[in-house]
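Notes follow once the structure below has been shown.
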Amino acid sequence: MSSRFDGKVVSIVDETTVVINLGSDHGVKPGQTFLILGLGEMITDPDSGESLGHLELVRGRAEAKHVQPRMTTLVSVETKRDPDVKEIKRSAQSGFELSFFRPNSSTVESVKVGAERIKPLAGPKVGDYVMVD
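Using the numbering used here, the first residue of the sequence shown is number 1068, and each one after it goes up by one.
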């Protein structure tokens, strides 16, 4: 493992949770954040032919939620918000007529703010690298 990275993903729990091979014995504390990275293809400079290294694929940022001596459970800290939804309610005065056909009808508009949810990690794999964020 490169000295640039601190540890590796050893298990995938679900789309927002992974386990890494670092724990309290390595100085990890609850609440500490990590960057999860996969290594992509080797990139070469087209002009010089020089190797520029592996492309780092950012899987996400995650926080230490449960720290054991030799492993830690990380949960995504990134969030996404569902789209806002605009609701328009019109009340009709009678029968089959809709409110916009009558001048004295009422219209109520409101916006339901989208819920904020934990954003899933971007395809983490066992063996991906982690580094303290």
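Cβ coordinates follow ideal geometry from the N, Cα and C atoms, glycine included. Predicted, not measured: the structure shown is a model, and the values here were computed from it.
Grouping DSSP H, G and I as helix and E and B as strand, with all else coil, what is residue i?
| i | result |
| --- | --- |
| D1200 | coil |
| S1091 | helix |
| K1147 | strand |
| L1122 | strand |
| V1193 | coil |
| K1101 | Per the sequence shown, residue 1101 should be read as Phe rather than Lys. Here F1101 sits in strand by DSSP. |
| S1173 | strand |
| L1188 | coil |
| K1153 | strand |
Among residues of its own chain, excluding the 5 on either side of residue i, which ones have a beta-carbon nearer than 7 Å to its beta-carbon?
| i | result |
| --- | --- |
| V1193 | V1076, V1077, S1078, I1079 |
| G1162 | Legend: pLDDT at G1162 = 49, less than 50; position of this residue unreliable, no value from coordinates given. |
| T1146 | E1183, R1184, I1185, K1186 |
Tell me whether the beta-carbon of residue i lies closer than 8 Å to the beta-carbon of residue j.
| i | j | result |
| --- | --- | --- |
| V1180 | I1103 | no |
| V1178 | D1151 | yes |
| P1097 | A1131 | yes |
Does any CB atom of chain D fall closer than 8 Å to the CB of residue i?
| i | result |
| --- | --- |
| E1108 | Within the model displayed, chain D is absent; a lone protein chain is all it includes. |
For residue i, is the classification buried or exposed, using 16 other Cβ atoms within 10 angstroms of its Cβ as the cut-off for buried?
| i | result |
| --- | --- |
| M1109 | exposed |
| L1119 | exposed |
| V1095 | buried |
| V1085 | buried |
| G1090 | buried |
| A1182 | exposed |
| I1155 | exposed |
Using alpha carbons as the reference points, say which of the options lies closest to residue i.
| i | options | result |
| --- | --- | --- |
| E1176 | R1184, D1195, K1153 | K1153 |
| F1072 | T1084, P1113, P1191, E1123 | E1123 |
| E1082 | Q1135, S1143, R1148, T1111 | S1143 |
Skipping 5 residues on each side, what residues in its chain have a beta carbon closer than 6 Å to that of residue i?
| i | result |
| --- | --- |
| H1133 | T1140 |
| Q1099 | A1131 |
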